[in-house]
Structure formats: C-alpha cells, structure tokens
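Written out below as structure tokens is the structure these notes cover.
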Amino acid sequence: MQYRELGKSGIKASAVGLGAWAIGGWMWGGTEEKESVETIKAAMDAGINLIDTAPVYGFGLSEEIVGRALKGVRERAVLATKCGLVWDREEGEYHFTSDEKAIRGGSGDIKVFKYLSPVSIRSEIEMSLRRIGTDYIDLYQTHWQDATTPVEDTMNELLKLKQEGKIRAIGVSNAGVGHLESYLKTGQIDADQESYSMLDRKREKDNIPYCEKRGIAFLAYSPLARGLLTGKVTPDFVFNDGDHRRDNPLFSRGNRIRVRKMLDELSVFAEKYDASFAQLAVAWTFHQQGCTHALAGARRPGQAMENAKAGDMNFGGEDLAAINKIIDSC
Ligand SMILES: NC(=O)c1ccc[n+]([C@@H]2O[C@H](COP(=O)([O-])OP(=O)(O)OC[C@H]3O[C@@H](n4cnc5c(N)ncnc54)[C@H](OP(=O)(O)O)[C@@H]3O)[C@@H](O)[C@H]2O)c1
C-alpha cells in the first residue's frame, strides 16, 4: 500500500481509502451491520488506514459502525468524517428531501439542510465523537457548502476545534475553487474531497490543479462510479429497492453498454497488471496528476481486500497515456 500525506498535516493516509457511505445503508438499499464491521476490519488488515464516513450516511449509522470496527485499533486509523449536512433541524440552506422511509425508525421524508454555522458544527462534532466512540477526528471536512454562513465563520470554528485537539486536519468537499480560496484566506485546509473517476473527469480543469499547486490533498470520491466501473453491472442487472442506482441516469442501459465497451478495451491492461477492473479503476484514479487518494466504497470484506490491492499497483507512464486514450475515445 502506498501512503501519502494529507496536505501539510503530517498525517500519512493510504492512497486507497475506504468509503463508508454504502455501509450506512441510506440510499444503498440497507446495510448488513456485521458484514460492514468485517469489511472495515478487512480493509485495515489489508493496509487501508483512511476511513471516510459522515453523519448523514445512514443518519448516524455509518459512524456507529465505523466506531464498532475501530474498537481497540482507533489509533491505527486515519478517521475522516464530515459536518454540514443536518436533518434534525431546518436551518441553513435546504438541500434535498430523502424519500427513504423507515430509516432508524423514521416514518417519512427527511429534509436535509446544508448548515455550517459555528454553533451547528460544535454540536455536530460532539455527536460524531460520541457515535464513533473517540475523542478526536483525524480529518474533519465540510460536506457541502452552505451559502447562508460566511466561510470565515465556519473556518474560524474549525480552527478552534483544531486548537482544542478535537480534529487534526481540516478538509472541504463539494466545493468550487472560489470556496477553496475563501477557506484559505482564513487558515490552512489539507484536503479537498470531490467526485472523480474514469467517467467523471471535470475536476481535472479546476480543483485538482488548484490543490496540487497549494499542497492540498485531493481525495477522489466514487472512483468506481458507484460500482459501474467494476464490470459487474450487466445491462439487465436490477438494483434493490431503496438503492439510488436503480433510477440514476449513470446506470441507464445505454450507459452500461457504453462503459462495458470501454472496459473490454481496457482488459488488455487488466491482464498486463493482473488486476480486476475495480483495481484498474482505483489505481488509475490515484495515479492521475494531483489526485492523491481514492476513496473506494465497499460493503463486503472481499471488495475491500480487492480494492486495497490497487494500492500496490504502479502504472508505467506509457500505459497510463494509452489507458487515457481509450477512456477519451469511449
Ligand atoms: N463528499 C461527498 O459528497 C461524497 C459523495 C459520494 C461518495 N463519497 C465518499 O466516497 C466513497 C466512495 O464513493 P461511492 O461509495 O459513492 O462509490 P464507489 O466507491 O465508486 O463505488 C462503491 C460501490 O462499488 C461496489 N464495489 C466496490 N468495490 C467493489 C469490488 N471490488 N468489486 C465489485 N464491486 C465493488 C460496491 O457496490 P455494491 O454495494 O453494489 O456491492 C460499492 O458499494 C463513499 O463511501 C464516501 O465515503 C463522498
């Protein structure tokens, strides 16, 4: 496994991280808690130390599961969680309504708000620490940006948490370059977490070069395009009820066929590196200029172990160029 620094924080995090969104069940058609705990343990045993979660993933459940898995090994993990998406109060900027029913005993729609006021951050971190069962977070990230709170106020609160030792590094997510600039005016940020994969390369033009220039780690989320790049989503595969991929245009029949064609063309490289498509996609991600870490979601121990092995892969420059040519042409 390759380990890379999170910005200038001095924290060394595995190039392949484990994303714990699906483990929370919400938007993924539910979760198997025991298997989820085993998945996190398997990831750690395979060299992954970067574990990314958020309060909103399962409305607290993902953080609780991560906490259970880290019992006794907390200090070995680089624990990343987030703040700024709240569902227990209607404050800040309305984000969306989750139509998932019966989550944690709920009986109806849940309204989610983007809210990054100092008071809200303070209460959110206390809840996260309690759910995870720890007294510090390694990387604390603003999950989505809130237009109702000045960035300076948000950042000043995060800097206070850092001084108090509750967090070791500050990160942002779903942020434009303008947001990054505003944060940096007030203090140091060490990571930016954005969507990035073979199928979604928009950030190559803005956030990635911006972060690289300033020594900020770039954490790619959804590097497997939510499973599409693993090759397992056949044209007729039907996702479970409650799984957001069921109606997502990314998973349209036409797109599944298009991506399969791309994977078929890439199979020569999968064979050359003795890698699965999932490993090829994850390794490709953190080999791109300026992209330091790939956060791959997994729900089963075997998936986590497979993805971790991508952390040992080293592409030659010529192969990387040839792979990019195929991606560009599909
Ligand atoms: N900051 C944000 O707003 C944001 C947004 C999205 C994601 N994220 C972070 O990024 C992480 C990863 O993104 P993601 O979960 O959206 O998608 P992803 O990593 O692109 O895909 C994860 C899914 O791919 C499948 N998979 C994983 N490894 C596999 C393997 N080796 N073989 C076959 N299938 C495999 C699993 O699907 P099945 O469940 O079908 O098995 C898994 O749930 C999240 O968990 C979260 O931590 C952050």
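Each residue of the sequence shown is one higher than the one before, counting from 472 in our numbering. All residues carry an ideal CB built from backbone N, CA and C; glycine is no exception.
Where A618 falls, given that 16 or more other Cβ within 10 Å makes a residue buried | exposed
List the whole-angstrom C-beta distance separating W497 from F530, where the pair is believed to meet the contact cut-off of C-beta under 8 Å.
-> About 7 Å separates the beta carbons of W497 and F530, which is inside the 8 Å limit, making them a contact pair.
With a Cβ-Cβ cutoff of 8 Å, do C801 and E736 count as a contact?
-> Judged by beta-carbon spacing, E736 lies within the 8 Å limit of C801, meaning their Cβ atoms are closer than that value.
Just to confirm, are H764 and A486 a CB contact at a threshold of 8 Å?
-> Yes.
With burial defined as no fewer than 16 other Cβ atoms inside 10 Å of the residue's Cβ, what is the status of I519: buried or exposed?
-> buried
Status (buried if at least 16 other CB within 10 Å, exposed otherwise) for I728 = exposed
Give the C-beta separation of T524 and T552 to the nearest angstrom, bearing in mind that I take them to be a contact with Cβ-Cβ under 8 Å.
-> 5 Å
Pick helix, strand or coil for V709, following the three-state DSSP scheme.
-> DSSP places V709 in coil when its eight states are reduced to three.
Could you give the DSSP three-state label for R601: helix, strand or coil?
-> Under the three-state reduction of DSSP output, R601 falls in the helix class.
Taking 7 Å as the line, does the beta carbon of F748 fall inside it for any heavy atom of ligand 3?
-> Summarising the ligand content, the structure contains ligand 1 and does not contain ligand 3.
With DSSP as the reference, label A491 as helix, strand or coil.
-> coil
When you compare only the Cα positions, how much space is there between P706 and K732?
-> Between the C-alpha atoms of P706 and K732 there is a straight-line separation of about 12 Å.
Does any C-beta atom of chain D lie closer than 8 Å to the C-beta of Y586?
-> In the displayed structure, chain D is absent; only one protein chain is listed.
Hey, is the region 666-682 in contact with the region 629-642, meaning 3+ C-beta pairs nearer than 8 Å?
-> no
Simplified DSSP state of A691, which is helix, strand or coil = strand
Reference F432, options A775, I798, F740, closest by Cα = Limits of the chain in this structure are 472 at one end and 801 at the other, which puts residue 432 out of reach.
Alpha helix (DSSP H) runs wholly inside the region 578-663, at least 4 long, in chain order = Secondary structure in the region 578-663: the alpha helix (DSSP H) runs of 4 residues or longer, each lying completely within the stretch, are 589-603, 622-634, 648-657 in chain order.
Could you tell me the distance, in whole angstroms, from the CA atom of A696 to the CA atom of V590?
-> 35 Å
DSSP on D783, reduced to helix/strand/coil?
-> DSSP places D783 in helix when its eight states are reduced to three.
What residue does the alpha helix (DSSP H) around A540 start on, and which one ends it?
-> 532-540
Per the contact definition of three or more C-beta pairs closer than 8 Å, is the region 538-545 in contact with the region 581-596?
-> no
So, Y528 versus A491, is the Cβ gap smaller than 8 Å?
-> yes
Between the Cα of K633 and the Cα atoms of N795, T568, I608, which residue gives the shortest distance?
-> When only C-alpha atoms are compared, the closest one is I608.
W497 - DSSP class collapsed to helix/strand/coil = coil
Could you tell me whether the region 711-718 touches the region 761-780, where touching means 3 or more Cβ pairs closer than 8 Å?
-> no
So, using beta-carbon positions, are P526 and M598 closer together than 8 Å?
-> yes
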